[in-house]
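Contents: one structure, followed by commentary.
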Ligand code: HEC
Ligand code: HEC
Ligand code: HEC
Ligand code: HEC
Ligand code: HEC
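Spelled out as structure tokens, the structure:
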């Protein structure tokens, strides 16, 4: 019941004014990764496209962290003397994966869909910042409800604002 009232109140305030709610979670969060994977080296310097590695991003709700197979396409030959590459190689040969630490995490009650955004031409950088310059990935946007809503409200977005768009 309390939850329902909260929803109604929020619904009213949403229609009434520009949405300011949202504490902003984990903005700037930059966990240490098990292997120091460098986007600025792979994307910035060597020009590898995002989708070469995150190859599910346009098709599925979730993007994906690449499998070690896509790393080994190059690293069977490239930098094989590096201890990091040796570690990747060993995991790959053993059929294991690397436990990358998740950077972005929306709460379970929120529905997000990459493909809906990419199909409308929203770039990765709009939401994730200049990943191609990051040696270590960090959370660029605050991922608050206000952040989502403010963009959905823009004339150019024509994106839905009803609660069930983003909430289960
Ligand atoms: C050569 C492969 C490769 C390429 C190319 C690549 N990435 Fe990544 N990406 C990774 C790996 C591996 C991780 C997990 C480790 C980490 O977070 O650094 C990752 C993590 C991420 C994350 C954080 C995911 C999370 O845990 O929330 C984002 C966002 C991201 N990449 C966006 C991009 C964007 C945008 C581009 C293009 C500008 C790109 N990546 C290009 C391999 C790649
Ligand atoms: C398209 C080719 C390509 C792919 C795919 C690729 N890399 Fe690389 N990687 C490179 C190149 C080129 C370098 C830089 C080598 C140099 O310093 O001369 C590099 C360097 C590295 C280094 C630094 C090694 C060191 O000790 O200096 C790490 C770690 C690394 N890559 C991890 C990964 C991981 C993890 C993946 C898969 C998610 C991946 N790479 C996918 C081409 C690739
Ligand atoms: C409209 C904003 C937006 C755009 C555009 C966007 N992302 Fe994301 N991305 C997010 C959000 C929000 C999350 C967290 C999703 C979650 O926790 O469920 C995320 C998560 C990720 C992750 C972590 C895995 C996952 O799905 O949780 C990767 C990798 C990623 N994005 C890569 C990309 C790449 C590559 C592009 C461009 C091709 C891109 N993103 C475009 C907002 C965006
Ligand atoms: C930079 C602008 C921007 C941001 C930030 C953004 N969105 Fe969107 N969103 C859009 C656009 C544009 C569409 C596409 C609308 C369409 O298909 O007509 C969209 C569509 C969606 C859809 C699909 C609606 C459908 O068609 O079913 C969902 C779900 C969604 N957004 C959730 C989110 C959530 C959750 C966040 C925040 C974590 C977010 N969006 C942040 C611009 C944005
Ligand atoms: C465009 C996407 C989007 C739409 C539309 C949206 N929300 Fe949200 N909402 C989010 C996101 C993302 C979060 C999590 C981040 C946060 O709490 O700011 C959230 C969080 C919340 C929370 C906080 C839950 C908590 O744990 O504190 C409530 C309550 C809520 N939304 C209610 C609503 C209601 C009511 C509507 C409709 C009037 C609505 N939302 C529409 C994206 C959206």
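In the working numbering, the protein residues as written are 271 to 438.
C-beta: ideal position from N, C-alpha, C; glycine also.
Bear in mind the structure is a predicted one, so any value in this text is a computation, not a measurement.
From the options, residue whose alpha carbon lies closest to that of residue i
i: residue 316; options: 403, 337, 350; result: 403
i: residue 380; options: 427, 355, 438, 371; result: 438
i: residue 335; options: 342, 344, 323; result: 323
i: residue 410; options: 398, 421, 419; result: 398
i: residue 378; options: 298, 436, 299; result: 436
i: residue 376; options: 320, 415, 424; result: 415
i: residue 341; options: 359, 407, 353; result: 359
Residue burial classification, residue i (beta-carbon count within 10 angstroms, cutoff 16)
i: residue 313; result: buried
i: residue 291; result: With a pLDDT of only 41 at residue 291, under 50, the local geometry of the prediction cannot be trusted, and the value read off the model is given with reservation. By the neighbour-count rule (16 or more Cβ atoms within 10 Å), residue 291 is not buried but exposed.
i: residue 311; result: exposed
i: residue 413; result: buried
i: residue 367; result: exposed
i: residue 348; result: exposed
i: residue 407; result: buried
Residue i Cβ short of 7 Å to ligand 5 heavy atom set
i: residue 295; result: yes
i: residue 415; result: yes
i: residue 377; result: yes
Any non-hydrogen atom of ligand 2 closer than 7 Å to residue i Cβ
i: residue 299; result: no
Continuous alpha helix (DSSP H) stretch holding residue i: start and end
i: residue 340; result: 338-345
i: residue 415; result: 415-423
heavy atom of ligand 3 below 7 Å from residue i C-beta
i: residue 368; result: no
Residue i: CB within 7 Å of a non-hydrogen atom of ligand 4
i: residue 383; result: yes
Residue-level contact to chain D via CB, residue i, 8 Å cutoff
i: residue 338; result: Protein chain content of the structure displayed is limited to a single chain, and chain D is not contained in it.
Just list the beta strand (DSSP E) runs in the stretch 366-392, keeping only unbroken ones of 3 residues or longer that don't cross its boundaries, in chain order. none
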